[in-house]
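Colleague: Here the protein sequences line up with chains A and B, keeping their order.
Letter by letter, the first sequence follows residues 451 to 729 in my numbering.
Letter by letter, the second sequence follows residues -14 to 250 in my numbering.
Quick one: this structure, given as structure tokens, is what I'll be asking you about.
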Amino acid sequence: MGQLKTLHSVDQQDNQQPQDDMPVQLRIDNVSLRFPKPDGGEFTALKDICMEVRDQEFAVIVGPSGCGKSSLLYLTAGLNSPSEGEISVAGERVTGPGPERGMVFQGYTLFPWLTVRENIEFGLKRKKVPAAERKDIVDFYLHEVGLDNFADNYPKQLSGGMKQRVAIARALANDPKILLMDEPFGALDSQTRLQMQQLLLRIWEHKKKTVVFVTHDIDEAILLADRVFVMGSKPGHIRRILNVDIPHPRTLDLAMEPEFIALKREVMDLLHDDLNEIH
Amino acid sequence: MSNSVIKNCMTPREELPRQLVLSTGVIAWLVLILAWVLLAASDIVPDMFLPSPVQVFEAGVRLAENGTLMTHIWSSFKVVIIGFVISSAVAVPVGLLMGSFRIVQAFLEPLVNFIRYLPVTSFVPLFILWIGIGIEQRVTVIIFGVFFQQLVMISDVSRGVSKDLMQAAYTLGSSRRDVVMHVIAPASLPGVLDTLRVTIGWAWTYLVVAELVAASSGLGYISLKAMRGFQVDVIFLAIVIIGILGLITDQFFRILRARLSAWAS
């Protein structure tokens, strides 16, 4: 029950922006990623990436396709190793995948042979959490993502948005130190995507997790982020880091505000510059 | 029959009413049996070569009454099941490992791909010399015929498991062992059951091969004996019974798959 108690106590705190005095949760230190090319040469996907994300911060990485933003997330998850440099989460060097770095993937990765409930408790079972406690945690997150009535359904019976909601619940149920999200709403239709952004904001406002969220959707980036990391390509690098000083709770109406539009302009210009430099 | 149903019959991949599907299947059987009856009644094929369905049925009753039919059916069934279970019990885990671990694949694949193209029939004389003509010999023929095919098919099934699912499992705290046991194995289950369903059909084929050469009981054995005595009705009976037994084992795996992996369909 320990996990649930902290969840509720965080609920009661107020939601001002404490990041500046929070400890660094993710540190990416001079990371490069290279692949051998078939012609014998080398392809540099990421070059000298340095970034820090503070505890409870919502960081969004936005960039043109092929800039290596997903690769950076996979490196953080430990699903791939950097050619150079080091990544650490909560002071511990990343050497492989682990439950303290939860991930929500772009494609649907629910286990189709498990029900919604069994999917969400998958990580808890690996950690050998007792059944009664598992049930409490699963019930809590089922409620958080609004799927209380779908606990016993199989993934094939769910819509795309519902599947990603389960994937979010599954990652959070493990109580990771950091939540990595790789274009999780990229495959959804635009209406569902807006709903999911709201849902994610609400969950994050409840329970401040450190999140690193990758997207190519500028609106999505600004709506969700405390800070936007704008990447450029060939090779992938961080172009600019923008603060989004818009207080929570945020809603979709934000997209009409001058602050939002100014930030959007800035990100668009950065991405356009990147395109022009390549061509 | 309304126009829309006719149109659906002509449209690729279009579903049809269940009753129409069932009755069409029944009609196919009726056509076959009718053709058989007509051919047997006519003078095109002499009676001694083609018995009528009634004669085959009578042969069945005759052999069932003195108990020999059940003995032979049981003898054949036993061989198929023992051979198939032994083969599957090894092929399923080894196939999963072969599909999961590149090193196991590298070790086994060249060997297995050689052996599985060797004609099983050519090994029968060798098996008779080595093992004799008891039930062990027939079981060996079935294992030899089925095992290597199962291994390759199951290894392909488990290699087809989405890497995304495995990566998701790792980020949820799975060990490598967990990924094999809790991702690759359950994800492969529908494909494994499909493989078993296909290969049990082959097991029936190899059974007859084994029994025709060396056996003192079984459906293949009674066909061979019937040939010597020119009892074409008994040969037909053996063929029909093997067909029915094959159909039963096939349906068994079809139902098992529907039960165990409803999530996949």
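No residue lacks a Cβ here, since even glycine has one placed at the ideal position from N, Cα and C.
Identify whether A:S538 lies in helix, strand or coil by the three-state DSSP scheme.
Modeller: For the purposes of this step, residue 538 of chain A is identified with residue 88 of the first sequence, where counting begins at 1. Residue state, collapsed to three classes: strand.
Colleague: Is it true that the CB of B:A44 sits closer than 9 angstroms to the CB of B:D179?
Modeller: Indexing the second sequence from 1 puts residue 179 of chain B at position 194. Indexing the second sequence from 1 puts residue 44 of chain B at position 59. No, the pair does not count as a contact, with Cβ atoms beyond the cut-off.
Colleague: Taking the alpha carbon of A:E502 as the point to measure from, which residue in A:E709, A:L608, A:D723 and A:R677 has its own alpha carbon closest?
Modeller: Counting from 1 along the first sequence, the entry for residue 502 of chain A is found at position 52. The residue with the shortest Cα to Cα distance from A:E502 is A:R677.
Colleague: So which residues of chain A does B:Q152 contact, with C-beta pairs closer than 7 angstroms?
Modeller: As a working note, residue 152 of chain B is residue 167 in the second sequence. Correct list: L529.
Colleague: With distances taken between CB atoms, is the gap from B:I18 to B:P36 smaller than 9 angstroms?
Modeller: Counted from its first residue, the second sequence places residue 18 of chain B at position 33. Counted from its first residue, the second sequence places residue 36 of chain B at position 51. Cβ distance not < 9 angstroms, so B:I18 and B:P36 don't count as in contact.
Colleague: Name, going along the chain, the residues of the region 529 to 557 of chain A whose beta-carbon falls closer than 7 angstroms to a beta-carbon of chain B.
Modeller: L529, P547, G548, P549, R551, G552, M553, F555 and G557
Colleague: For A:K577, would you say it is in contact with chain B, using Cβ-to-Cβ distances shorter than 9 angstroms as the test?
Modeller: Position 127 of the first sequence, counted from the first residue, corresponds to residue 577 of chain A. With 9 angstroms as the cut-off, A:K577 counts as an interface residue toward chain B.
Colleague: What residues in the region 161 to 175 of chain B bring their beta carbon closer than 8 angstroms to a beta carbon of chain A?
Modeller: Considering only beta carbons, the part of the region 161 to 175 of chain B lying closer than 8 angstroms to chain A consists of D163, H167, V168, P171, A172 and L174, in chain order.
Colleague: Which residues share a DSSP beta bridge with A:S482?
Modeller: On the first sequence, residue 482 of chain A is found 32 positions in, with the first residue counted as 1. DSSP lists A:E534 as partners of A:S482.
Colleague: Any C-beta of chain B sitting closer than 9 angstroms to the C-beta of A:Q453?
Modeller: In the first sequence, the residue the question calls residue 453 of chain A occupies position 3. Low confidence applies to A:Q453: its pLDDT is 48, below 50, so where it sits in the model is not reliable, and the reading given next is rough at best. For A:Q453, the answer is no, since every Cβ of chain B falls outside 9 angstroms of its Cβ.
Colleague: With 16 as the cutoff for other CB atoms within 10 Å, does A:M553 come out buried or exposed?
Modeller: What you label residue 553 of chain A is simply residue 103 of the first sequence in a count that begins at 1. Buried.
Colleague: Are the C-beta atoms of A:L630 and some chain B residue less than 9 angstroms apart?
Modeller: Counted from its first residue, the first sequence places residue 630 of chain A at position 180. When Cβ-Cβ separations below 9 angstroms define contact, A:L630 makes contact with chain B.
Colleague: Helix, strand or coil for B:L157, going by three-state DSSP, please let me know.
Modeller: On the second sequence, position 172 is the one that residue 157 of chain B refers to. Three-state result, B:L157: coil.
Colleague: Quick check on A:T665: does DSSP put it in helix, strand or coil?
Modeller: Numbered from its first residue, the first sequence carries residue 665 of chain A at position 215. Three-state result, A:T665: strand.
Colleague: If the criterion is Cβ atoms closer than 9 angstroms, does the pair A:F555 and B:H167 meet it?
Modeller: As a working mapping, residue 555 of chain A is identified with position 105 in the first sequence. As a working mapping, residue 167 of chain B is identified with position 182 in the second sequence. Not closer than 9 angstroms, so no.
Colleague: Over what stretch of residues does the beta strand (DSSP E) that includes A:K497 continue unbroken?
Modeller: Residue numbering aside, residue 497 of chain A sits at position 47 when the first sequence is read from its first letter. From DSSP, the beta strand (DSSP E) with A:K497 extends over E492 to R504.
Colleague: Measuring from the CB of B:P104, is there a heavy atom of the ligand SAM at a distance below 8 angstroms?
Modeller: This structure simply doesn't include the ligand SAM, nor any ligand for that matter.
Colleague: Between A:N465 and the rest of its own chain, which residues show a CB-CB distance below 6 angstroms, the 5 nearest in sequence each way excluded?
Modeller: Within the first sequence, the letter at position 15 stands for residue 465 of chain A. The predicted position of A:N465 is uncertain, since its pLDDT is 40 and thus under 50; a value taken from the coordinates is nonetheless stated next. Excluding residues within five positions, the ones whose Cβ falls inside 6 angstroms are E655 and H698.
Colleague: Taking Cβ positions, are A:I696 and A:A705 nearer each other than 9 angstroms?
Modeller: Position 246 of the first sequence, counting from 1, holds the residue named residue 696 of chain A. Position 255 of the first sequence, counting from 1, holds the residue named residue 705 of chain A. For A:I696 and A:A705, no; Cβs fall outside 9 angstroms.
Colleague: Identify the continuous beta strand (DSSP E) that holds A:H593 and give its terminal residues.
Modeller: Within the first sequence, the letter at position 143 stands for residue 593 of chain A. A:H593 -> not in any beta strand (DSSP E); alpha helix (DSSP H) instead, spanning A581 to E594.
Colleague: Grab me the residues of B:F132's own chain with a C-beta within less than 8 angstroms of its C-beta, minus the 5 sequence neighbours each way, in chain order.
Modeller: For this step, residue 132 of chain B is matched to residue 147 along the second sequence. Within the same chain, B:F132 has close Cβ partners S72, V75 and A76.
Colleague: Once the 5 residues before and after A:P569 are set aside, which same chain residues still bring their CB inside 6 angstroms of it?
Modeller: As a first step, residue 569 of chain A must be located in the first sequence, where it is residue number 119. The question names Pro, yet the displayed sequence has Asn at residue 569 of chain A. Closer than 6 angstroms at the Cβ level, and outside the excluded window around A:N569, lie L560, F561, V616 and R620.
Colleague: Compare the C-alpha of B:A223 against each of B:E196, B:E121, B:L241 and B:L81 and name the closest.
Modeller: For the purposes of this step, residue 223 of chain B is taken as residue 238 along the second sequence, with counting starting at 1. For the residues B:E196, B:E121, B:L241 and B:L81, the minimum Cα distance to B:A223 belongs to B:E196.
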